[in-house]
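Below is one structure; the comments refer to it alone.
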Amino acid sequence: MDSPQSPALGCTPAVLSAVSAPVMKKPLLDLSEWKNQRVLAKRGDIFEVALIKGVHPSSQNIEIEFESDHKSMTFSNVFDVQGCLLVGDNSPQASTLTVGRAVCVRVNQEKNIFHEGVIVERRTNPVMCH
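Each step along the sequence shown adds one to the number in numbering that gives the first Met the number 0, with nothing skipped, and position 6 is 5.
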């Protein structure tokens, strides 16, 4: 099964559907496609590798299990643009890495721990970001 293509779950804005009153939000992604996919999930001040274990189709809730300690956590309203709590565990294309872009950066290879950051400088040949 191919991985769903999205840079981030919690950072993905919802789209308003063309339904007459009341106006309802329709997500850009079908969350059921994300079951059993690896993500980076925010716990405390860091992002950790986790696996999506369950998707609640009637809501925007996702249950994940952290890889490090196998503890479960449920994330509610994953399309809320106010908070970015889940990110697809894949590297972005180099062309999307622009100054000012928010990123998750691995800071510990052995424990798969990631911190949030912002690109402040981008160099080419080879592409490097600081």
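The beta carbon of each residue, even a glycine, is placed where N, CA and C say it ideally should be.
Given the structure is predicted, the values throughout are model-derived calculations rather than measurements.
Residue range of the unbroken beta strand (DSSP E) whose run includes residue i
i: N107; result: A101 to N107
i: A49; result: I45 to H55
i: E32; result: Segment: none, E32 is in no beta strand (DSSP E) and carries neither H nor E.
i: H114; result: I112 to V117
Counterpart residues of residue i in DSSP-defined beta bridges
i: F74; result: I61
i: A40; result: E47 and L85
Rounded Cβ spacing between residue i and residue j (contact assumed at less than 8 Å)
i: I118; j: G87; result: With 8 Å as the limit, I118 and G87 do not qualify as a contact, their Cβ atoms being about 18 Å apart.
Cα-Cα separation between residue i and residue j, rounded to whole angstroms
i: D68; j: G53; result: 18 Å
i: N60; j: S31; result: 11 Å
i: R105; j: E64; result: 19 Å
i: N124; j: V102; result: 21 Å
i: F113; j: S90; result: 13 Å
i: V14; j: E66; result: At V14 the pLDDT is 33, less than 50, meaning the model places this residue with poor confidence and gives no usable figure here.
i: R122; j: L96; result: 10 Å
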